[in-house]
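Asker: 46 is the number of the first residue of the sequence shown in our numbering; add one for each residue after it.
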Amino acid sequence: MFDAMVDRARHPGALRVRLDHDFCRDVADVHERAPTLALDEDLARGYQVLQRESRAQFDLLVRDGLRVEPWRGAGLPYRDSTELRREVRATRMLKLHLTRDGHGPEGDASEDHPMRAFSGVEIGGVRLCHNDVFRVVHDVLGHVAFDNGFGPRGEFKATYLHMRMYPEAAHPVLFTEQVGQICWFFFGPHLRDAGGALRAPDDPAYVPADRRPYPEQKVFAFDRHYLERFTALFTTEEER
Numbered sequence: 046m047f048d049a050m051v052d053r054a055r056h057p058g059a060l061r062v063r064l065d066h067d068f069c070r071d072v073a074d075v076h077e078r079a080p081t082l083a084l085d086e087d088l089a090r091g092y093q094v095l096q097r098e099s100r101a102q103f104d105l106l107v108r109d110g111l112r113v114e115p116w117r118g119a120g121l122p123y124r125d126s127t128e129l130r131r132e133v134r135a136t137r138m139l140k141l142h143l144t145r146d147g148h149g150p151e152g153d154a155s156e157d158h159p160m161r162a163f164s165g166v167e168i169g170g171v172r173l174c175h176n177d178v179f180r181v182v183h184d185v186l187g188h189v190a191f192d193n194g195f196g197p198r199g200e201f202k203a204t205y206l207h208m209r210m211y212p213e214a215a216h217p218v219l220f221t222e223q224v225g226q227i228c229w230f231f232f233g234p235h236l237r238d239a240g241g242a243l244r245a246p247d248d249p250a251y252v253p254a255d256r257r258p259y260p261e262q263k264v265f266a267f268d269r270h271y272l273e274r275f276t277a278l279f280t281t282e283e284e285r
């Protein structure tokens, strides 16, 4: 399925990720403190590359037979990542949870976010923004193609592999859009106790994933060393 594109990201051996909680907390804290909008020329160019390449990937997937159906039902279109992966493989159709129905915490319109602009794609009268297009290609090329789940390990692996399909100019933007938000959702300060440790499921103040707020959609650049620390988390069988 989509072999030509997937081969660009495929490793020679099984990919392993080391989940470094200190790194995840550091990234979550930077995201928490960062301004909502700090768009400069370099960052704007990075978003343009991300948008252009995501659209090219989207067009390739559609030409290869993928059907995209904007989800109009209540809640989410899939119960979990297992159902998403199974159904997309079986039907070659992806039900897209639209950005307008879930992009950031409740009440966060984020209209100035570059990924909220119209992508040029319209399906069944529904105009897809750039983030909708990215969601499609990330779900297919990050999760379905490599069988990655929605937990922190699966999201990290999906991001690492999908990132390899983009020019380096887009990597800082992808880090903010993916890794920054993943770390905040799973390791953010709102999930820790007074001592800074993540709350355990038996803690009365523990918040399960399906009740957590989504991260605020911020436009800023992490320092380059965070991206380097992220890539250092991954090894293949040949490298061990």
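Here a beta-carbon is modelled for each residue, glycine too, at the ideal position from N, C-alpha and C.
Please read all numbers here as calculations on a predicted model, not as lab measurements.
For residue 276, does the count of other Cβ atoms within 10 angstroms reach 16, so buried, or fall short, so exposed?
Answerer: Exposed is the call here.
Asker: Run through DSSP, which three-state label would residue 163 get?
Answerer: Reduced to three states, the DSSP call for residue 163 is strand.
Asker: Going by DSSP in three states, residue 237 sits in which element: helix, strand or coil?
Answerer: Note: residue 237 maps to strand in three-state DSSP.
Asker: Return the first residue and the last residue of the beta strand (DSSP E) that residue 281 is part of.
Answerer: That run of the beta strand (DSSP E) goes 279–281.
Asker: By Cβ distance below 7 Å, which residues in the same chain neighbour residue 272 in space, the five residues on each side in sequence not counted?
Answerer: Same-chain partners within the cutoff: 216, 217, 220.
Asker: Could you pull the start and end residues of the alpha helix (DSSP H) that residue 202 belongs to?
Answerer: It spans 197–208 - the alpha helix (DSSP H) in which residue 202 sits, taken as one unbroken run.
Asker: With DSSP run on the structure shown, which of helix, strand or coil describes residue 152?
Answerer: Bear in mind that a pLDDT of 47 at residue 152, under 50, signals an unreliable position, so the model cannot answer this.
Asker: For residue 118, count the other beta carbons within 10 Å of its own beta carbon; 16 or more makes it buried, fewer makes it exposed. Which is it?
Answerer: Flag for residue 118 reads exposed.
Asker: Tell whether a beta-carbon distance below 8 Å holds between residue 100 and residue 137.
Answerer: In this structure, residue 137 does not lie closer than 8 Å to residue 100 by Cβ.
Asker: Return yes when the Cβ of residue 106 is within less than 8 Å of the Cβ of residue 182, no when it is not.
Answerer: The answer is yes: Cβ separation under 8 Å.
Asker: Alpha carbon to alpha carbon, what distance is there between residue 274 and residue 67?
Answerer: Residue 67 and residue 274: Cα-Cα distance of roughly 11 Å.
Asker: Rounded to the nearest angstrom, what separates residue 158 and residue 238 at their Cα positions?
Answerer: One C-alpha to the other measures close to 32 Å.
Asker: Once DSSP output is grouped into helix, strand and coil, what is the label at residue 181?
Answerer: Reduced to three states, the DSSP call for residue 181 is helix.
Asker: Which class does residue 117 belong to by DSSP, given the choice of helix, strand or coil?
Answerer: In the structure shown, residue 117 sits in coil (DSSP, three-state: anything other than H, G, I, E or B).
Asker: Among the residues of its own chain, which have a CB less than 6 Å from the CB of residue 46, if the five just before and after it don't count?
Answerer: With a pLDDT of only 48 at residue 46, under the threshold of 50, the placement of this residue in the model should not be trusted; the figure read from the coordinates follows. Around residue 46: no qualifying Cβ.
Asker: Compute the distance between the beta-carbons of residue 223 and residue 204, then report whether it is under 8 Å.
Answerer: Going by C-beta atoms, residue 223 is nearer than 8 Å to residue 204.
Asker: Which residue marks the beginning of the beta strand (DSSP E) containing residue 70, and which one marks its end?
Answerer: Taken as a continuous stretch (DSSP letters only), residue 70 belongs to no beta strand (DSSP E), being part of the alpha helix (DSSP H) at 66–78.
Asker: Return yes when the Cβ of residue 201 is within less than 8 Å of the Cβ of residue 75, no when it is not.
Answerer: No; because the gap between Cβ atoms is not below 8 Å, this pair is not in contact.
Asker: Verify whether the separation of the beta carbon atoms of residue 194 and residue 126 is less than 8 Å.
Answerer: Cβ atoms of residue 194 and residue 126: closer than 8 Å.
Asker: Whose CA, out of 178, 235, 259, 206, lies closest to the CA of residue 280?
Answerer: Comparing Cα positions, the closest option is 206.
Asker: Would you report the Cα separation of residue 213 and residue 98, rounded to the nearest angstrom?
Answerer: Those two C-alpha atoms are separated by around 11 Å.
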